[in-house]
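Add 14 to a position in the sequence shown, counting from 1, and you land on the number used in our numbering. Each residue gets a CB set at the ideal place from its N, CA and C atoms; glycine is no exception. See structure below.
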Amino acid sequence: MTDEMGMWLDQQVENQRHDAQALKALATAMPAPETVEWLTGIADTLAADADSKRRILDVHRGDDREDCAGCGLDAIGLPVWRIDQCPTRLALALAYADKPGYSEEWQS
Ligand SMILES: [Zn+2]
Numbered sequence: 015m016t017d018e019m020g021m022w023l024d025q026q027v028e029n030q031r032h033d034a035q036a037l038k039a040l041a042t043a044m045p046a047p048e049t050v051e052w053l054t055g056i057a058d059t060l061a062a063d064a065d066s067k068r069r070i071l072d073v074h075r076g077d078d079r080e081d082c083a084g085c086g087l088d089a090i091g092l093p094v095w096r097i098d099q100c101p102t103r104l105a106l107a108l109a110y111a112d113k114p115g116y117s118e119e120w121q122s
């Protein structure tokens, strides 16, 4: 199984990281120092948010049986969620629901 949601989420996080860099560069062209500071702060928050999401996605990856390794096992040792049903990844995907490639099937 191809992890379409995982690949799509990886791309969205990378796009967000690039947007943050572009915003930071744009901020330096602003004439008012307070605008520079404000936009730079937003860019830093966007970059930190992308880093945070990257770490979450690194944990919530599919294992060799297509179960979510990050969600773990239940009390009797069965996987809690399959990777395409991981509630953490579905929640992260919602942040990018307006982006091309978002599937309505991912709404939880
Ligand atoms: Zn998970």
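In angstroms, rounded to a whole number, what distance separates the CA positions of residue i and residue j?
i	j	result
A64	G76	20 angstroms
N29	P101	22 angstroms
E118	A41	35 angstroms
L108	L23	10 angstroms
Y116	Y110	7 angstroms
A36	A89	46 angstroms
Just to check, is the beta-carbon of residue i closer than 8 angstroms to a non-hydrogen atom of ligand 1?
i	result
R103	yes
H74	yes
W95	yes
G20	no
G115	no
G84	yes
Quick one: residues in its chain with C-beta nearer than 7 angstroms to the C-beta of residue i, no 5 flanking neighbours on either side, listed in chain order?
i	result
D98	M19
Q26	Y110 and K113
State the CB to CB distance for the pair residue i and residue j, rounded to an integer number of angstroms; the pair is presumed to be in contact (CB under 8 angstroms).
i	j	result
K67	L106	6 angstroms
A8	L60	The chain is shown only over 15 to 122; residue 8 falls outside these bounds and no answer can be derived.
A62	K38	With a Cβ gap of about 12 angstroms, A62 and K38 do not count as contacting.
V73	G84	4 angstroms
I'd like the list of long-range same chain contacts for residue i, defined as Cβ closer than 8 angstroms, with 5 residues on each side in sequence excluded.
i	result
L87	P93 and V94
M44	V50 and L53
Look up residue i in the DSSP assignment and say whether it is helix, strand or coil.
i	result
P47	helix
L92	coil
In chain order, what residues of the same chain have a beta carbon less than 6 angstroms from the beta carbon of residue i, not counting five sequence neighbours either side?
i	result
C82	H74, W95, I97 and C100
Is there a C-beta anywhere in chain D that falls below 9 angstroms from the one on residue i?
i	result
V50	This model lacks chain D altogether, as it is built from one protein chain only.
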